[in-house]
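Peer 1: Residue numbers (this note's numbering): 1 to 92.
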């Protein structure tokens, strides 16, 4: 399943929360807002994002993949093996 994620690097602590948002072209819905202590340098923030989500979801890192937005704060992350209800329950 694909999840829209907004990453905020260089935060004081790592955290994950759901937020409502309005995207371009009338799109709206929920996305994850993920705060990371890692800086967006040499892929460190992407690696931290994958590690944090995998840990919170109880999955191996290979099942959490950034599929779009590698160099952006707005990302699409694929979570393999879980549906939306499972993801929401595990992330709170």
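Where is the CB? At the ideal position from N, CA and C, for every residue including glycine.
How do the region 60–68 and the region 27–36 stand: do at least 3 beta-carbon pairs fall below 8 angstroms, yes or no?
Peer 2: no
Peer 1: Going by C-alpha to C-alpha distance, which of 47, 18, 76 and 87 sits closest to residue 9?
Peer 2: The residue you call residue 9 lines up with position 9 of the chain shown. Residue 47 is the option with its Cα nearest to residue 9.
Peer 1: Comparing the C-beta of residue 84 with each C-beta of chain C, is any distance below 8 angstroms?
Peer 2: Among the protein chains of the structure shown there is no chain C, as only one such chain exists.
Peer 1: Checking 8 angstroms against the spacing of the C-beta atoms, do residue 84 and residue 57 come in under that value?
Peer 2: By 1-based counting over the chain shown, the position of residue 84 is 84. By 1-based counting over the chain shown, the position of residue 57 is 57. No, the Cβ-Cβ distance between residue 84 and residue 57 is not below 8 angstroms.
Peer 1: From residue 38 to residue 7, what distance separates their C-alpha atoms?
Peer 2: Taking the first residue of the chain shown as position 1, residue 38 is located at position 38. Taking the first residue of the chain shown as position 1, residue 7 is located at position 7. Going from the Cα of residue 38 to the Cα of residue 7 covers about 10 angstroms.
Peer 1: Unbroken alpha helix (DSSP H) runs of length 4 or more, entirely within the region 8–81: which are they?
Peer 2: 44–57
Peer 1: Rounded to the nearest angstrom, how far is the Cβ of residue 14 from that of residue 53, given a contact under 8 angstroms?
Peer 2: Working through the chain shown from its first residue, we reach residue 14 at position 14. Working through the chain shown from its first residue, we reach residue 53 at position 53. With 8 angstroms as the limit, residue 14 and residue 53 do not qualify as a contact, their Cβ atoms being about 10 angstroms apart.
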